[in-house]
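Taken in order, the sequence shown gives residues 72 to 447; the numbers are from this note's numbering.
For every residue, glycine included, the Cβ atom is placed at its ideal position computed from N, Cα and C.
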Amino acid sequence: MVLLSGPNMGGNIWKYVKDCLDTGWVSSVGAYVDQFEKMTAEFAGTKYAVATSSGTTALHIALLLAGVDRNDYVITPNITFVATCNSIRYTGADPLLIDAEEFTWQMDLDLLEAFLINETEQKNGACYLKKNGRRIPVIMPVHVLGNICDMDRLIKLAQQHNLIVIEDSTEALGSYYKGKHAGSFGLMGTFSYNGNKIITTGGGGMIVTDDEQLAKKAKHLTTQAKSDSFEYIHDEIGYNYRLVNVAAAMGVAQMEQLPEFIERKKEIISYYKNELSGVGDISFQDVKPEVNPNWWMPTLKTNHQREILKALNDNKMQSRPFWVPMNQLRMFKDDLYYHTNDRSDYIYKHCLSIPCSTNITDDQLKGVVEKIKSAF
Ligand SMILES: *Cc1c(COP(=O)(O)O)cnc(C)c1O
């Protein structure tokens, strides 16, 4: 089986995990958690990083710390992985969905701007939806597939309309916009270390920020909000959203290899682009010149999505359609969705992701390309 995007367990991973097992430091405290946080902050160019149990829990805590409350809206793209919208719902808020841009598949900023101008109003320095008076405290862009939208424009729009930016940068570890790392633009950014991401800890996540108070609060909330080091005194409803030390040990080893992984992802996309551009009607995700993406997951657009999916999967080459757009899922179908001819649906029905594990062999890549060519 050629995996879509599987883990690459090389480097010091065995050594560091063994160290945890040998010393018994496997659980919620330990030196690897601190080291993993430090390495991540350094890599992402933020002052602080707080490890969490998953990317989803990182998003949940970031939204809570941004003050998102019951009955609020959070603006987010309609094309994303479900965890983005789930985390919004955990806070009692609802997602306010914006359609995707046609070629980059990121949130459509023209549409966002028109929405903000026409549909929202400012009261006492906060943004409200005109038609029902509900507050919109946060915008959560998602760096879909490790690509990034025009962040200068998004940040400017957010400032003009008093929106806090929280980045769902869970797919974008190693992606840059004008040389600045994904996750470092907003008040907070997030990463995920699920098994299919560019690095993995089995499961895990991270919140990054330049704000010391927010970092402290994130640590507090993710560790049951315990306010005394000796007694069991807790000063609010906290969460058990810690990353365990043995997972962080994997994370440290994975961070050591991240530059190689990014390089390999770039080799993979170059190979696919060289071999498949001009084959049938295949096109790839458009990337703006200011963006240097991690190319986490090569994804094609074609009218023959289902046939190619079948040809690859029948031959044990794992490939997947793009996510079902959020407005088509049962839980979000009644949420507000601003769109241009529902481009999300078009993208969903025409895109597929192809094998791209960093440890995929050149022969396996060749096999994928041959299968796609012969399907055409
Ligand atoms: C992976 C992912 C998440 C959630 O990460 P987990 O670590 O699996 O909880 C959230 N948003 C997007 C866009 C993702 O791809």
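What are the boundary residues of the beta strand (DSSP E) that includes residue i?
i: Glu192; result: 191–194
i: Val279; result: 276–280
i: Ile237; result: 235–238
i: Ile443; result: Per DSSP, Ile443 belongs to no beta strand (DSSP E); it is in the alpha helix (DSSP H), 433–446.
i: Phe262; result: 259–263
i: Val145; result: 144–148
Buried or exposed for residue i, please, with buried defined as at least 16 other CB atoms from any protein chain shown within 10 angstroms of its CB.
i: Asp306; result: exposed
i: Val100; result: exposed
i: Asp352; result: exposed
i: Gly126; result: buried
i: Asp165; result: buried
i: Phe301; result: exposed
i: Met321; result: buried
i: Tyr303; result: exposed
i: Ala185; result: exposed
i: Asn316; result: buried
i: Arg141; result: exposed
i: Glu108; result: buried
i: Ser98; result: exposed
i: Glu113; result: exposed
i: Gly250; result: exposed
i: Ala318; result: buried
i: Asn265; result: buried
i: Val395; result: exposed
i: Ala171; result: buried
i: Gln193; result: exposed
i: Ser348; result: exposed
Starting from residue i and walking both ways along the alpha helix (DSSP H), at which residues does that stretch end?
i: Glu307; result: Unbroken run through Glu307: none, as it is neither H nor E.
i: Lys344; result: 316–347
i: Lys381; result: 376–385
i: Tyr161; result: 153–161
i: Thr293; result: 283–293
Bridge partners of residue i, per DSSP?
i: Cys422; result: Lys372
i: Ser76; result: Paired residue(s): none; Ser76 is not in a bridge.
i: Ser354; result: Lys372
i: Val362; result: Tyr248
i: Arg391; result: Ser424
i: Tyr417; result: For Tyr417, which the question treats as bridged, DSSP gives no partner whatsoever.
i: Lys297; result: His305
i: Tyr408; result: Leu168
Original post:
Do the region 244–262 and the region 203–219 meet, that is, are 3 or more Cβ pairs less than 8 Å apart?
Top reply: yes
Original post:
In the region 163–230, which residue ranges form an unbroken alpha helix (DSSP H) of at least 4 residues, counting only runs that do not cross its ends?
Top reply: 180–190
**OP:** Check whether the region 310–330 touches the region 137–155, taking contact to mean three or more Cβ pairs, one atom from each stretch, closer than 8 Å.
**Re:** no
Original post:
Whole beta strand (DSSP E) runs in the region 84–131 with 3 or more residues, listed along the chain?
Top reply: 119–123
**OP:** Decide yes or no for the touch test of the region 119–133 against the region 325–333: beta carbon pairs closer than 8 Å, at least 3 of them.
**Re:** no
Subject >> At least 3 beta-carbon pairs within less than 8 Å: the region 361–378 vs the region 129–143 >> reply: no
Original post:
Is there contact between the region 401–414 and the region 358–369, where contact requires at least three CB pairs shorter than 8 Å?
Top reply: no
Original post:
Can you find at least 3 beta carbon pairs, one from the region 381–394 and one from the region 284–302, that sit closer than 8 Å?
Top reply: no
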